[in-house]
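Below is one structure, written out as structure tokens, with a few remarks after it.
There are 2 protein chains.
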Amino acid sequence: MGCPVGIGPEIINKFFLETVLARPKSMSRPVVVVGNAEVLARVADELGMRVKIQSWLPGNEVEPDVISVFDSGTPLGKLVWGQPSLDTARAMIAYIEDAVDLIGQGMLAAMVTCPISKISLQQAGSPFPGHTEMLASLTSTHHYRMMMAGSRLRVILVTIHEPLNRVSSLLNRKEIQDCIAMTVRSLQRDFGIPSPRVAVAGLNPHCGENGMFGDEEDVCITPAVNAYSGPGEISGPWPPDTVFHRAAAGEHDAVIAMYHDQGLIPFKLLHFKDGVNVTLGLPIVRTSVDHGTAYDIAGQGVADPASLEAAVRMATDICRHRAGKLQ
Amino acid sequence: MGCPVGIGPEIINKFFLETVLARPKSMSRPVVVVGNAEVLARVADELGMRVKIQSWLPGNEVEPDVISVFDSGTPLGKLVWGQPSLDTARAMIAYIEDAVDLIGQGMLAAMVTCPISKISLQQAGSPFPGHTEMLASLTSTHHYRMMMAGSRLRVILVTIHEPLNRVSSLLNRKEIQDCIAMTVRSLQRDFGIPSPRVAVAGLNPHCGENGMFGDEEDVCITPAVNAYSGPGEISGPWPPDTVFHRAAAGEHDAVIAMYHDQGLIPFKLLHFKDGVNVTLGLPIVRTSVDHGTAYDIAGQGVADPASLEAAVRMATDICRHRAGKLQ
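If you read the sequences in order, they're chains F and Z.
Sequential numbering from 7 applies to the first sequence in the working numbering.
Sequential numbering from 7 applies to the second sequence in the working numbering.
Here you go:
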């Protein structure tokens, strides 16, 4: 459910109303909320949404015409939209831990996360900057990557939240090779692409134009591409200003971007509303909305559930692809 | 005409056939080629294009059913598509010089450039890395900027062909202020927007998120935005990964990008075929196609004239906007 006073509860209700309850057959698997039933009921009440909310326990059937909620049972105190408290921070962490537990017990197949906030995590004394790092720790995962995925573009980031002027010094052949291998594996296993075509972007304008402006392409990107010997077709480094256009046109199944905005500028241009964040490398299936808690509009009824719907759909697709494999 | 053995002559013929000759009224002003009539005739012959090519001299009428060519008279020697020589390099430089002269004499109103190559410029001993620098020198212009313009997005670059790891050290408040002022002036004068809304992009992911990853926003971008006191609405720094989406959705008339790929990745995603390069700050009106000589496909008949058509149309629009002003 994410942060209880962000837009998570609202987009969950909207998603159920517009998709799960309206067209139950459009979902290939039942959906359960791990969070707090009272918050969902309050949002529904305040925004005039007619939904039936029902408690769900592991092993129960998921009824087709209700929102099934596994209640984490953490007290929330007085709730004010957009104003996280120590209670809401602790609750939102409990939802994540409970979801991981339920998956570990085999009671749920995949996890879709609604937004949490860094401020709340810090408030609650959590050592993690975000969802992904917490999930990695809960599942004892050391190597993981973020993929942004949509119908037109999939982007994997080599470096993420770093100052632009540090990116060059953080790039190395091994990191890029790891990204390539993890991307190929995910495209095969999670997206059902037997021989993935992966484009690796350069770092500098025109890939440095033969060293005239930058040589990271020669020093680490080209060697990483050349060193790869697994399945799929790995190509690059490609000039950054055209590779995303080519990928969106269907030439590549995914693009490996060297830094945050290199990948997210084109991704958000094509998938502003329906982008999905997929974590590669975790033992569990995990997708996420690609927006934040949006505290400024929480409780107002204007939040868009498109990214949540896309994230749930992608999680079920990944389960389907994995189930179709022998591994 | 650009490099005689690139795709310039082919896209000129195609542009005339598809636009100027087919729909003469669709062009608000007559169009003249500064280049070489024989090359155009040869392309037409080889690719089976039925065009009439006629010599044009300053003061002549421009006939509606022919391609009018001002012939620079430079010898070309034996031509091989895709293989520039000293002769073709010198000729392509002469076309540029002649066009500037004709504009200076008041015989032509604006200049649209087809692609030239850096290799050719170097071959001919030219000290300039490209068209723009040559035009700046020919018109004694010291401050100029490159704008990439299309129907959905206009982008101005603060730094251009620089290694990514040098961008941070090249940014300063004055450069950004100059960009803002030149952009506002061009949007008013060239694009007919009385009160331009200009967005300034940040440099780091999420604009550095309060200094957590980078502080160039605080050090030079915000001060540059705050120091501006001219007409229009200047805003920023905006998170790079969403500002281009917002601009394309109509919230901003132009975005000032801190580095090449920050601006060109979104621009080429939206305007891969019909992007136009406009040089701000020159005393003459100058637009350019936004692609290169494409030596690999020269002479094959597959080159797309869309960017040339857009560039000619934008040059005539700029002339119209300027004529409507008192300045």
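Note that the Cβ used here is the ideal one computed from N, Cα and C, for glycine as well.
Nearest candidate by alpha-carbon position, reference Gly112 (chain Z), set Z:Val57, Z:His297, Z:Gly269, Z:Leu63
Taking only the C-alpha atoms, the option nearest Gly112 (chain Z) is Z:Leu63.
Pick from Z:Glu139, Z:Asn42, Z:Glu67 that is closest to Leu114 (chain Z), judged by C-alpha positions
Z:Glu67
Same chain, Cβ closer than 7 angstroms to Leu332 (chain F), five either side skipped, listed in chain order:
At Leu332 (chain F) the pLDDT is 42, less than 50, meaning the model places this residue with poor confidence and gives no usable figure here.
For Asp267 (chain Z), which residues in chain F fall below 7 angstroms Cβ to Cβ?
Pro211, Pro246, Asp247, Gln268
Interface flag, Leu170 (chain F) vs chain Z, CB-CB below 7 angstroms
yes
Of all Cβ atoms in chain F, is any one closer than 7 angstroms to the Cβ of Phe219 (chain Z)?
Phe219 (chain Z) counts as touching chain F.
Sequence-distant residues of the same chain with beta carbon closer than 8 angstroms to Leu144 (chain Z), five excluded per side:
Ile102, Glu103, Val106
Going by the beta-carbon positions, is the gap between Pro10 (chain F) and Ala130 (chain F) smaller than 7 angstroms?
no
Do Ala312 (chain F) and Gly88 (chain F) count as a contact pair if the criterion is CB distance below 7 angstroms?
No.
Taking 7 angstroms as the CB-CB limit, is Ser174 (chain F) close to chain A?
The chain labelled as chain A is not found among the protein chains of the depicted structure, namely F and Z.
Closer than 7 angstroms, CB to CB, is Phe134 (chain F) near chain Z or not?
no
Quick one: does Pro272 (chain Z) have its CB under 7 angstroms from some CB of chain F?
yes
By the criterion of Cβ-Cβ separation under 8 angstroms, what are the contact partners of Gly214 (chain F) in chain Z?
Pro169
Helix, strand or coil at Met140 (chain Z) [DSSP, three-state]
helix
With distances taken between CB atoms, is the gap from Val173 (chain Z) to Thr293 (chain Z) smaller than 7 angstroms?
no
Reduced DSSP category for Met320 (chain F) - H, G, I as helix; E, B as strand; rest coil
helix
How close, in whole Å, do the beta carbons of Leu370 (chain F) and Arg158 (chain F) come, if the pair is a contact with beta carbons under 8 angstroms?
The first residue shown for chain F is 7 and the last is 333, placing residue 370 (chain F) beyond what the model contains.
Can you give the Cα-Cα distance for Ser34 (chain Z) and Asp93 (chain Z), rounded to whole angstroms?
35 angstroms
Closer than 7 angstroms to chain Z by CB, Glu251 (chain F)
A small correction: the amino acid at residue 251 (chain F) is His; Glu does not occupy that position in the sequence shown. Chain Z, which has a Cβ nearer than 7 angstroms to the Cβ of His251 (chain F), makes this yes.
State the Cα-Cα distance for the pair Trp244 (chain F) and Glu223 (chain F), rounded to the nearest angstrom.
9 angstroms
With a threshold of 16 other CB atoms inside 10 Å of the CB of Ser175 (chain F), please say whether the residue is buried or exposed.
exposed
So what does Met117 (chain Z) bridge to, in DSSP terms?
Z:Arg292
Alpha-carbon to alpha-carbon, Phe76 (chain Z) and Val164 (chain F)
C-alpha separation (whole angstroms): 52 angstroms.
Please confirm if Leu275 (chain F) has its CB atom under 7 angstroms from at least one CB of chain Z.
yes
So, using beta-carbon positions, are Ala207 (chain F) and Pro246 (chain F) closer together than 7 angstroms?
yes
Any beta-carbon of chain Z closer than 7 angstroms to the one on Phe197 (chain F)?
No, Phe197 (chain F) does not count as interfacial toward chain Z.
If Pro272 (chain F) and Pro272 (chain Z) are in contact, beta carbons under 8 angstroms, what's the gap, nearest whole angstrom?
Rounded to the nearest angstrom, the Cβ distance from Pro272 (chain F) to Pro272 (chain Z) is 7 angstroms, consistent with a contact under 8 angstroms.
Report all residues from its chain with a CB closer than 7 angstroms to the CB of Val359 (chain Z); omit the five preceding and five following residues, and keep chain order.
Nothing about residue 359 (chain Z) can be read from this structure; chain Z reaches only from 7 to 333.
Would you mind sorting Val318 (chain F) into buried or exposed? The rule is 16 or more other CB atoms within 10 Å of its CB.
buried
My parser needs the beta strand (DSSP E) runs of 3 or more residues fully inside the stretch 35-98 of chain F; what are they?
38-41, 59-61, 73-77
What are the start and end residues of the alpha helix (DSSP H) that includes Pro243 (chain Z)?
Run containing Pro243 (chain Z): none in the alpha helix (DSSP H); it sits in the beta strand (DSSP E), 239-244.
Around the Cβ of His266 (chain Z), are there at least 16 other Cβ atoms within 10 angstroms (buried) or fewer (exposed)?
Label assigned to His266 (chain Z): buried.
Could you check whether Ile162 (chain Z) and Arg151 (chain Z) sit closer than 7 angstroms to each other, using their CB atoms as the reference points?
Taking 7 angstroms as the Cβ cut-off, Arg151 (chain Z) and Ile162 (chain Z) qualify as a contacting pair.
According to DSSP, residues forming a beta bridge with Ile162 (chain F)
Bridge partners of Ile162 (chain F): F:Met153, F:Ile262.
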